[in-house]
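For the sequence shown, numbering that gives the first Met the number 0 gives the first residue as 0, with consecutive numbering after it. First up is the structure itself, then whatever we jot down about it.
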Amino acid sequence: MCELFAMSASVPHTVRYELDLFAAEGGEKHRNRDGWGILFAQDRDAYLFREPDPAATSELSRMVVRDARPCKHLMAHVRRASAGKPALANTHPFDRVVNGRRNAFAHNGDLPGIEDREDAREWIAHRIGDTDSELAFLMLLDRLSREGASDVEARLDVFARFAAEMRELGSSNFLFLDGEYLFVHADRRRFETETGLTEPREPGLNIRSFDERHRGHKWQTSGATIEEISGPLHLFASVPLDPEGWEPLARGTAMALKDGKIVSHYVS
């Protein structure tokens with residue numbers, strides 16, 4: 000299965016995120032990966048690096064780790080292709096510019112039958128690739144636009160209701176950045192074992208929070224490092240990356256974050 004990782008921080012932090020090691024820690028020990036992507040958001044724009052090849056053999060991924068950009072919001076995805084062949088066009092995070100802000104989306108799970116939905120048909124031709132994930136992203140952007148959701152509470156409500164609809168199709172662990180807020184939705188996911196993949200089960204995402212007590216501390220796992228915690232921040236990952244501090248998110252949890260603060264949160 001794919002692996003998700005995200006951060007929302009009060010001040011810019013530099014996260015050295017080693018994608019191949021992260022995927023191994025996250026459970027991808029027995030299957031090849033089919034691409035990776037990482038986004039470092041800076042105000043209305045973002046650095047975005049993607050590649051449809053395994054990070055372990057990628058010169059670009061090593062450059063990204065070596066020259067990681069400080070940011071308040073970060074989104075990363077390591078892909079195992081399920082819908083859509085390995086290709087740059089099918090590599091997360093997907094992005095579009097809306098109202099002068101870069102929006103981005105990453106997904107862990109499968110959404111069988113999404114193309115048969117009436118509200119999906121007009122957006123199929125607008126995809127660059129052919130994944131169910133990119134189609135869901137376009138549908139979400141359309142839903143936000145049609146409902147005129149401008150303030151964060153309204154946008155989270157649209158996001159959460161859309162995610163609940165997608166849960167009826169399949170696993171819908173979503174990360175969505177609208178150029179200002181990071182939106183997170185947790186569902187179920189498949190877990191990899193030595194004998195194969197499990198049926199979808201909770202948790203689909205986990206959270207680890209750092210506050211003023213951690214200021215000046217270093218956080219390090221075999222897949223990611225923050226040399227110095229400079230203020231409150233929250234991390235999200237498909238699977239806990241180290242033994243301490245992670246809490247599972249219940250299925251249906253939706254939240255919006257800005258500058259290291261959870262500004263709205265509920266479970267549907």
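Quick reminder that beta carbons are idealized off the backbone N, C-alpha and C, glycines included.
Between the alpha carbons of residue 251 and residue 87 lies a distance of about 30 angstroms. Inter-residue distance for residue 139 and residue 154 is about 10 angstroms (C-alpha atoms, whole angstroms).
In the DSSP secondary-structure assignment, residue 169 is not bridged to any residue.
Secondary structure note for residue 126: it is in no alpha helix (DSSP H), with a DSSP letter that is neither H nor E.
Judged by DSSP secondary structure, residue 141 falls within the alpha helix (DSSP H) whose first and last residues are 131-145. The C-alpha of residue 189 is placed about 10 angstroms away from the C-alpha of residue 195. Pairwise C-beta distances place the segment 209-225 out of contact with the segment 117-131, as fewer than three of them are shorter than 8 angstroms. As computed with DSSP, residue 15 is found in a beta bridge with 224. With distances taken between CA atoms, residue 17 lies nearest to 240 out of 40, 240 and 216. Under the three-state reduction of DSSP, residue 89 is assigned to helix. In the DSSP assignment, residue 208 falls within the unbroken beta strand (DSSP E) covering 205-209. Under the three-state reduction of DSSP output, residue 213 falls in the helix class. Per DSSP, residue 238 lies in no beta strand (DSSP E) and is assigned neither H nor E.
DSSP places residue 50 inside the beta strand (DSSP E), whose first and last residues are 44-50. With at least 16 other beta carbons inside 10 angstroms of its own, residue 67 counts as buried. Cβ neighbours of residue 236 within its own chain (closer than 6 angstroms, five residues either side excluded): 4 and 205. With contacts defined as CB atoms closer than 8 angstroms, residue 232 and residue 202 fail to qualify as a contacting pair.
In this structure the segment 102-117 touches the segment 161-177; the number of beta carbon pairs closer than 8 angstroms is three or more.
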